[in-house]
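Residue numbers for the sequence shown follow our numbering, beginning at 42 and rising by one.
Structure, as structure tokens:
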Amino acid sequence: MGSIADRIRSKLNQAFAPLRLDIQDDSAKHSGHSGAREGGESHFSVTIVSEAFKGQSRVARQRQVNAALAEELKGPIHALSISALAPEEA
Numbered sequence: 042m043g044s045i046a047d048r049i050r051s052k053l054n055q056a057f058a059p060l061r062l063d064i065q066d067d068s069a070k071h072s073g074h075s076g077a078r079e080g081g082e083s084h085f086s087v088t089i090v091s092e093a094f095k096g097q098s099r100v101a102r103q104r105q106v107n108a109a110l111a112e113e114l115k116g117p118i119h120a121l122s123i124s125a126l127a128p129e130e131a
């Protein structure tokens with residue numbers, strides 16, 4: 042499946058049917074640092090708004106996103122910043 046960002050988008054769309062999903066590749070900011078991959082796609086920021094997060098704590102939301110991306114977090118993704126919001130918080 043294409044780029045890592047595409048894999049992130051596909052998995053989060055499938056798991057959460059988000060109303061909004063923004064994915065930013067922050068890898069260039071970490072070039073030369075530990076965990077940075079040649080060619081980028083190692084550091085990402087994700088903002089996701091979904092009904093699935095209603096009534097859940099910030100930690101529970103982040104755990105759900107991490108679980109959806111477990112395969113990627115074991116390998117190509119070195120760092121993931123998550124902003125997971127319910128619609129009324131967006």
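Glycine included, C-beta positions come from ideal geometry on N, C-alpha and C.
- Proximity of the region 101–114 to the region 59–68 falls short of the contact definition, fewer than three beta-carbon pairs being nearer than 8 Å.
- In the structure shown, Q65 falls within a strand segment according to DSSP collapsed to helix, strand and coil.
- When C-alpha distances from S83 are compared across G116, E129 and A127, the shortest belongs to G116.
- Non-local beta-carbon contacts of I45 in its own chain, meaning distances under 6 Å to residues more than five positions away in sequence, involve E82 and P117 in chain order.
- In the structure shown, L60 falls within a coil segment according to DSSP collapsed to helix, strand and coil.
- Scanning S51, L62 and S86 for the CA closest to the CA of S122 turns up S86.
- The C-beta distance from L126 to F94 rounds to 6 Å, short enough to fall under 8 Å.
- Excluding the 5 residues flanking it on each side, K70 has same chain C-beta neighbours closer than 8 Å at H84, in chain order.
- Of the candidates Q97, T88, E92 and N54, the residue whose Cα lies closest to the Cα of P128 is E92.
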